Amino acid sequence: MKGLSDRSIKEDWVEMDNGGLRPIPPGLVPKIPPGVVPGFQDIPPEVMPEIQRPSIPLLPKPPAMRKPPSKRGPPVLQKRGNVSDWQVKDGEEEIVKRDEDGGKEAKTVISWRGAMIEAEQGTELQSTAHGKEGTVADAEKAASLKPVTVKAVDRVEAVREAFRHAWKGYKAFAWGHDELKPISKTHGEWFGLGLTLIDALDTMWILGLKDEFAEARKWVETELSFSKNVDVNLFESTIRILGGLLSTYHLTGDTLFLDKAKDIGFRLMPAFKTPSKIPYSDVNIGKGTAHPPRWTTDSTVAEVTSIQLEFRELSRLTQDPQYQNAVEEVTRQVHRLEGKRDGLVPMFINTNSGKFTRRGAFTLGARADSYYEYLLKQWLQGGKKETELLEDYLQAIEGVRKNLLRQTSPSKLTFVGELSNGHLNPKMDHLVCFLPGTLALGAHNGLPADHMDLALQLMETCHQMYAQMETGLSPEIAHFNLQSSNGRDIDVKPADRHNLLRPETVESLFYMYRFTKDSKYRDWGWDILQSFNKYTRVPSGGYTSIGNVRDPVNPAPRDKMESFFLGETLKYLFLLFSDDSELISLDKYIFNTEAHPLPIWPSTS
Ligand code: DMJ
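Each step along the sequence shown adds one to the number in the UniProt record's numbering, with nothing skipped, and position 570 is 570.
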């Protein structure tokens with residue numbers, strides 16, 4: 001899911017040879033002529049309707065003459081200036097000066113007020129949200145400056161720099177372990193399998209970080225062993241480890257990764273030995289035993305339905321049908337099950353009876369989310385032939401419209417609420433922000449135009465979940481006002497104020513940019529990267545989850561860098577900013593729910 005994966009959710013339950021480097025095989029990342037947007041020309045005009053843009057008031061604005069917060073960021077995370085301090089914002093124009101050799105030398109930035117300013121002098125350019133507003137005084141000061149030059153903003157390079165910084169911390173303090181704890185400069189262990197390193201492999205390849213990749217490959221070759229007496233979560237190890245290894249194999253052609261993928265895939269199979277064939281949540285990959293969590297015989301619906309892309313691909317590569325058979329049995333059963341509501345699934349399924357457990361809410365968030373994502377993506381993976389998957393997906397989206405979709409007051413932001421005991425709870429997990437991207441992917445593949453319409457609206461809402469926070473970072477859960485008494489659309493409860501460096505919004509921004517080429521999506525992603533740099537970057541290396549997105553002075557660092565920050569968040573940001581839209585073409589690959597690209601099967605498969 002986006003589900004048990006999440007530590008917030010998990011905790012809830014618990015307490016309740018360099019030689020391997022090869023060029024990317026020809027054809028995998030082909031270049032296309034500039035100006036051609038693959039697939040875009042296939043979208044009928046009606047898929048890209050004009051939507052009514054809500055007028056969005058920001059959260060209470062700082063006083064008009066207030067100075068913008070120091071670019072040093074919160075005291076707890078003070079850092080030196082970094083790439084993200086070179087900002088070019090909306091309404092500004094870059095003038096590229098050429099040096100004598102005709103190469104790109106530097107850019108002068110003209111501010112929206114016509115003033116020319118130099119970021120390197122410490123002038124932070126005006127921003128529009130989360131307390132970064134420039135003031136009249138600042139603008140006048142800027143206008144009095146002589147024309148100066150500022151280094152070009154290279155967003156792609158800024159992502160590489162962020163990755164290197166995160167990797168520096170991981171390498172120094174957590175090498176070979178699951179997660180970096182960047183503030184205490186140590187590591188955390190979950191499965192003891194080098195989770196961050198494996199999750200980050202294909203990101204390094206895609207970002208072109210060959211030295212880092214070579215070192216990591218060496219570790220996989222010499223240190224990684226799955227022959228360990230350890231309990232792992234089936235879903236998490238499938239999406240992060242199996243998915244990461246399979247995609248790295250596809251990108252590099254290096255059979256080391258395929259061999260490791262076969263090894264872990266085989267070791268996960270005992271999970272399916274249950275009375276119902278609905279898998280258990282946990283497997284001991286050393287002993288070959290599996291079991292549900294101690295307190296229940298239920299599994300999470302998103303978990304058992306979001307392992308299919310990976311196991312199906314493993315069968316295709318190994319020509320061994322056991323993996324595909326096991327996961328497709330789950331799909332078949334869930335397809336037939338009673339207890340759905342207009343295609344929406346409950347959160348839990350029992351591993352003895354194979355039936356849904358009637359508890360929890362209907363949600364597109366934690367514990368159900370990637371069920372919907374994988375319906376569409378399996379249909380795409382298999383060449384659009386498996387019509388039951390498509391039918392279930394289409395029905396579910398209609399179910400979302402009918403049961404969960406609402407608009408806020410006063411600004412008419414569209415959001416997906418949760419239905420519990422017939423009552424609509426107007427809250428949305430950040431996890432739901434995968435949905436605009438998935439809807440857009442469906443529309444790109446010929447699904448109804450109104451899916452794109454909905455994607456555009458939800459993308460705006462997810463953007464606002466960042467833009468309206470003082471740190472520019474989204475909370476884990478947003479509460480939306482149906483009738484606002486305080487003039488705000490979004491409220492955040494104290495328990496929901498954390499940010500775990502999650503990817504879903506930048507994931508959707510990537511899809512939206514690929515399909516619309518609207519540069520605002522890049523700008524929104526850029527704002528997010530800058531906020532990560534400002535509030536979550538740890539000087540000695542790494543990025544940290546934070547506890548309070550509403551407090552820019554003390555965002556309450558939590559001392560953990562989740563593996564998905566490298567596996568997903570930075571990868572999607574890089575792809576969002578890259579001009580090469582054939583780099584992981586969305587007509588050739590589907591991303592698993594951990595952002596590991598797997599090939600769409602050729603029609604002969
Ligand atoms: C990741 O493990 C995956 O994206 C999963 O689908 C949901 N949770 C995290 C990221 O938020």
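Virtual Cβ for every residue (Gly too), placed ideally from N, Cα, C.
Since the structure is predicted, the reported quantities are computational estimates derived from the model, not experimental observations.
Can you tell me the Cβ-Cβ gap for residue 428 and residue 362, rounded? I've got them flagged as a contact below 8 Å.
-> Contact flag wrong, Cβ pair sits at about 13 Å.
Going by other Cβ atoms of all chains shown within 10 Å of its Cβ, with 16 needed for buried, is residue 553 buried or exposed?
-> With a 10 Å radius around the Cβ and a threshold of 16 neighbouring Cβ atoms, residue 553 comes out exposed.
With 16 other CB atoms within 10 Å as the buried threshold, where does residue 83 fall?
-> Because the pLDDT at residue 83 is just 30, under 50, the model does not fix this residue reliably, and the point stays unresolved.
List the residues that DSSP assigns as beta-bridge partners of residue 537.
-> In the DSSP output, where bridge partners are listed per residue, residue 537 has 543.
May I ask you to list the residues that DSSP assigns as paired with residue 420?
-> DSSP lists 423 as partners of residue 420.
Whole runs of the beta strand (DSSP E) within the region 304-384, excluding any shorter than 3 residues = DSSP runs (the beta strand (DSSP E)) wholly in the region 304-384: 348-350.
Straight-line Cα distance separating residue 367 from residue 303 | Residue 303 and residue 367: Cα-Cα distance of roughly 7 Å.
Starting from residue 557, follow its DSSP beta bridges and name the residues at the other end.
-> Answer is 546, bridged to residue 557.
Specify the secondary structure class of residue 598 as computed by DSSP and reduced to three states.
-> Residue state, collapsed to three classes: strand.
Same chain only: Cβ atoms within 8 Å of residue 434, ignoring 5 sequence neighbours per side = Around residue 434, the same chain offers 2, 369, 370, 373, 504, 507, 508, 593 as residues with beta carbons nearer than 8 Å, after the five sequence neighbours per side are excluded.
Backbone secondary structure at residue 562 - three-state DSSP | It is coil, neither helix nor strand.
For my contact list, residue 482 and residue 410 are in at a C-beta cut-off of 8 Å; report their separation, rounded to the angstrom.
-> Rounded to the nearest angstrom, the Cβ distance from residue 482 to residue 410 is 11 Å, too far for a contact under 8 Å.
Give the DSSP bridge partners of residue 291, in chain order.
-> Looking at the DSSP assignment, residue 291 forms a beta bridge with 282.
DSSP state of residue 300 mapped onto helix, strand, coil | Strand.
Would the beta-carbon of residue 335 fall within 8 Å of that of residue 599?
-> No; because the gap between Cβ atoms is not below 8 Å, this pair is not in contact.
If you follow the alpha helix (DSSP H) that residue 215 is part of, which residue opens it and which one closes it?
-> Per DSSP, residue 215 belongs to the alpha helix (DSSP H) from 210-222.
Taking buried to mean at least 16 other C-beta atoms within 10 Å of its own C-beta, is residue 422 buried or exposed?
-> Residue 422 should be labelled exposed.
From the DSSP output, which residues share a beta bridge with residue 407?
-> DSSP, once it has assigned bridges, lists 414 as partnering residue 407.
Does DSSP put residue 177 in a helix, a strand or coil?
-> Look at residue 177 here: in three-state DSSP terms it is coil, with no helix or strand label.
Taking DSSP as the reference, what is the three-state secondary structure of residue 490?
-> Shown here, residue 490 sits in a strand according to DSSP, grouped into three states.
Pick out whichever of 158, 444, 295, 197 has its Cα sitting closest to the Cα of residue 562.
-> Checked all of 158, 444, 295, 197; the closest Cα to residue 562 is 197.
Neighbour-count burial assignment, residue 53, 16 or more Cβ in a 10 Å radius = Its pLDDT being 37, under 50, residue 53 is placed unreliably in this model, and the value from its coordinates should be taken loosely. Counting Cβ neighbours within 10 Å, residue 53 comes out exposed, since fewer than 16 surround it.
Classify residue 675 as buried or exposed, calling it buried when 16 or more other Cβ atoms lie within 10 Å of its own Cβ.
-> Coverage of the chain is limited to positions 1 through 605, which leaves residue 675 absent and any answer about it impossible.
Would residue 180 pass as a contact of residue 547 if the rule is Cβ separation under 8 Å?
-> Inclusion of residue 180 and residue 547 in the CB contact set at 8 Å is not warranted, their separation being larger than that value.
Is residue 564 near the ligand DMJ, with its Cβ less than 7 Å from a heavy atom?
-> Yes - the ligand DMJ has a heavy atom lying nearer than 7 Å to the Cβ of residue 564.
The region 469-479 touching the region 397-410, judged by at least three CB pairs closer than 8 Å = Contact fails: fewer than three Cβ-Cβ distances are below 8 Å.
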